[in-house]
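Residue numbers (the numbering used here): 1 to 236. Every residue gets a Cβ at the ideal spot worked out from N, C-alpha and C, and that includes glycine. Bear in mind that the values here come from a model prediction, so they are computed numbers and not experimental data. Input: a single structure, listed below in structure tokens.
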Amino acid sequence: MSLLTLIQQSCRAPGVNLPVPNAVATSTNDTVLQLLEIANEEGVELAKRGQWQALLRTANFTTVATPVQTQLDTVAPNFDYMVNNSFWDTTMRRPLFGPMSIQEYQQQVAMFAIGPWYQYIIFDGDIVFVPTPSAGDACTFAYITKAWCTDSTGATPKESFTADDDVSLLDEQIMKLGIIWRWKQGKGLDYAEDYAKYERMVADALGRDASKPVLNMGGAMYDVYPGVIVPAGNWP
1 MSLLTLIQQS CRAPGVNLPV PNAVATSTND TVLQLLEIAN EEGVELAKRG QWQALLRTAN
61 FTTVATPVQT QLDTVAPNFD YMVNNSFWDT TMRRPLFGPM SIQEYQQQVA MFAIGPWYQY
121 IIFDGDIVFV PTPSAGDACT FAYITKAWCT DSTGATPKES FTADDDVSLL DEQIMKLGII
181 WRWKQGKGLD YAEDYAKYER MVADALGRDA SKPVLNMGGA MYDVYPGVIV PAGNWP
């Protein structure tokens with residue numbers, strides 16, 4: 001669903017009943033421009049509601065023999081935040097420990113820390129390792145992007161709608177409900193039921209988004225798990 005279709009459907013919604021526009025991003029109509037701002041506000045806010053799989057990305061880089069490894073903007077475009085415990089040196093098959101606090105980092109630098117286990121901190125837009133790593137290790141981490149929409153081809157990530165044929169990476173029905181209740185709220189209309197419906201849909205979508213691990217308190221669900229299989233019995 002494009003931006004234009006999203007706004008057109010929102011205008012037709014019960015309780016909104018606005019004239020349906022033929023253009024949004026290039027419109028000079030104040031009401032249409034307000035709806036565009038509301039749509040962008042909804043996109044930003046909805047993106048921050050959870051760790052949506054549609055916004056999950058991976059970043060990769062190769063270590064250099066200096067503390068500062070790379071800039072986030074270089075390896076992770078539209079970076080919002082790093083997924084915890086996802087940072088690995090895949091060459092050495094070791095996790096990257098961190099992030100360190102600035103106090104821990106300063107201590108490590110002052111003590112000329114050495115050792116096989118790298119730690120990291122992110123500041124001033126840079127990824128910094130302690131101790132200084134060897135050059136040539138492949139590193140990777142997962143992150144969430146701020147680019148919650150794209151152009152019509154899907155080739156250009158965007159952090160806001162700027163063209164009528166832009167499309168959202170997030171659930172469009174949720175986006176539409178978000179636009180409706182935000183519009184009604186801004187105009188002083190009753191939006192309680194629309195908001196409640198929206199919140200139920202967001203919670204439902206977050207619960208189903210991507211696959212989820214099963215938390216089983218009753219024991220193993222399967223006879224075989226990945227790993228080395230050792231038959232049960234008495235072994236000397």
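**Study point:** For G125 and Q71, believed in contact at Cβ under 8 Å, the rounded distance
**Key:** Cβ atoms of Q71 and G125 come within 8 Å of each other, at about 5 Å.
Exercise for review: May I have the straight-line CA-CA distance separating T26 from R208, to the nearest angstrom?
Suggested key: So the two alpha carbons sit approximately 36 Å from each other.
Exercise for review: From the DSSP output, read off the bridge partner residues of P95.
Suggested key: W88
Practice item. Compute the Euclidean distance between the alpha carbons of T150 and Q53, then round it to the nearest angstrom. Key: Spanning the two alpha carbons is a distance of roughly 15 Å.
Point to revise | Whole-angstrom distance between T28 and P21, CA atom to CA atom | key: 11 Å
Practice item. Go ahead and pull the three-state DSSP assignment for I174. Key: Secondary structure of I174 (DSSP, three-state): helix.
Check your understanding: Given a threshold of 16 other Cβ atoms within 10 Å of its Cβ, counted over all protein chains shown, does R250 qualify as buried or as exposed?
Key -> Residue 250 is absent from the structure shown; the chain starts at 1 and stops at 236.
Review point. Within the chosen definition, does the region 35 to 53 reach the region 98 to 110 through at least 3 CB pairs nearer than 8 Å?
Key: The region 35 to 53 and the region 98 to 110 do not touch, with fewer than 3 CB-CB distances between them shorter than 8 Å.
Exercise for review: Assign I121 to one of three DSSP states: helix, strand, or coil.
Suggested key: strand
Point to revise | Beta-ladder partner(s) of T132, from DSSP | key: Paired residues: none, contrary to the question.
Exercise for review: Evaluate contact between the region 193 to 203 and the region 62 to 78, counting only Cβ atoms and requiring at least three cross-stretch pairs below 8 Å.
Suggested key: Output reads no: the region 62 to 78 does not touch the region 193 to 203.
Practice item. Evaluate contact between the region 29 to 36 and the region 5 to 12, counting only Cβ atoms and requiring at least three cross-stretch pairs below 8 Å. Key: yes
Exercise for review: Would you grab the beta carbon distance between Y143 and R57 for me? Rounded to a whole angstrom, and I think it's under 8 Å.
Suggested key: 6 Å
**Study point:** Identity of the residues DSSP links to D126 by a beta bridge
**Key:** Q71 and F123
Check your understanding: Just reading off the beta strand (DSSP E) that Y191 is part of, what are its end residues?
Key -> First-last for Y191: undefined, no H or E at that position.
Check your understanding: Could you check where the beta strand (DSSP E) with N17 kicks off and where it finishes?
Key -> Run containing N17: none; DSSP gives neither H nor E here.
Review point. Just how far apart, CA to CA, sit T132 and N85?
Key: 20 Å
Review point. Distance, Cα to Cα, N17 vs L3?
Key: In a straight line, the C-alpha of N17 is about 18 Å away from that of L3.
Check your understanding: What span of residues does the beta strand (DSSP E) with I255 cover, start to end?
Key -> With the chain covering only 1 through 236, there is no way to say anything about residue 255.
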